[in-house]
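The block underneath contains the structure these notes are about, expressed in structure tokens.
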Amino acid sequence: MTELGILAIALAVVLGLVIYALITGVAPAPTSPRVAAVMLDMIPPAIDGVIFELGSGWGTLAFPLARRLPGRTVRAVEISPLPWLFSKLRHGVDRLTNLSIRRADFRQVDLGEAALVVCYLFPAAMDGLKAKLEAELKPGAYVLSNTFAVPGWRPEAVRRADDLYATTVYLYRIAEPSAE
Ligand SMILES: C[S@@+](CC[C@H](N)C(=O)[O-])C[C@H]1O[C@@H](n2cnc3c(N)ncnc32)[C@H](O)[C@@H]1O
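Mapping of the sequence shown onto our numbering: position 71 corresponds to residue 124, and the numbering continues sequentially without gaps.
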């Protein structure tokens with residue numbers, strides 16, 4: 054391949070990442086290993102249902118989630134083509150049968166089967182996601198969020214990672230309806 058060809062591919066990759074970061078409002082920044090370790094550690098033991106990772110990027114959380122919970126189905130959803138393609142190729146190598154990686158806008162994905170929703174987004178996305186979570190999640194379902202809180206919700210647990218930013222991780226549980 055010529056130098057010009059390599060340059061054209063590099064430019065297309067960068068442009069693809071920038072365009073989708075502008076569309077979604079967030080770059081595909083991966084969760085750091087220390088934060089990922091805290092998130093995995095916070096997963097409640099009794100997860101009975103599907104795990105969704107909303108905005109799965111390069112698969113930094115999706116693969117460890119699927120490995121940690123081999124008996125559970127993990128559905129990763131990513132809209133940006135390059136991170137999605139990268140994680141699909143990685144999936145071809147890793148072959149985790151309980152993991153699926155779909156290219157889609159997670160706002161269009163039904164979360165009715167979710168027992169756990171995992172995300173690392175940004176404040177405006179959390180605002181939008183809140184209404185969807187309230188409408189679709191079943192009582193008892195969990196939400197685990199890296200850095201950004203669900204506005205107005207009371208977390209069941211909050212932990213700080215031992216990283217440079219002392220990153221906060223929030224765990225929420227959808228309340229069971231009261232007996233009244
Ligand atoms: C900060 S990255 C986190 C990636 C991964 N979850 C992790 O923790 O390593 C956020 C990802 O969400 C994706 N995203 C944002 N809005 C989305 C949407 N509406 N549907 C699907 N993916 C979305 C972005 O493309 C980006 O890859």
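C-beta atoms are modelled at their ideal positions from N, C-alpha and C, and glycine is treated no differently. No experiment lies behind these values; they were computed from the predicted model shown.
query = Just the Cα atoms here: how many angstroms apart are residue 122 and residue 97?
reply = 11 Å
query = Would you call the CB atoms of residue 204 and residue 191 closer than 8 Å?
reply = no
inquiry  = In whole angstroms, give me the CA-to-CA distance for residue 85 and residue 133.
reply    = So the alpha carbons of these two residues sit roughly 19 Å apart.
Local conformation of residue 105 per DSSP, three classes = It is a strand residue.
message = Within 10 Å of its beta-carbon, does residue 231 have 16 or more other beta-carbons around it, so buried, or fewer, so exposed?
response = exposed
message = Let's test the definition: count the other Cβ atoms within 10 Å of the Cβ of residue 54 and tell me whether it reaches 16, buried, or not, exposed.
response = exposed
task = Tell me residue 154's beta-bridge partners as DSSP assigns them.
result = According to DSSP, residue pairing for residue 154 in a beta bridge involves 129.
task = Please classify residue 77: does DSSP put it in a helix, a strand, or coil?
result = Residue 77: helix per DSSP, three-state reduction.
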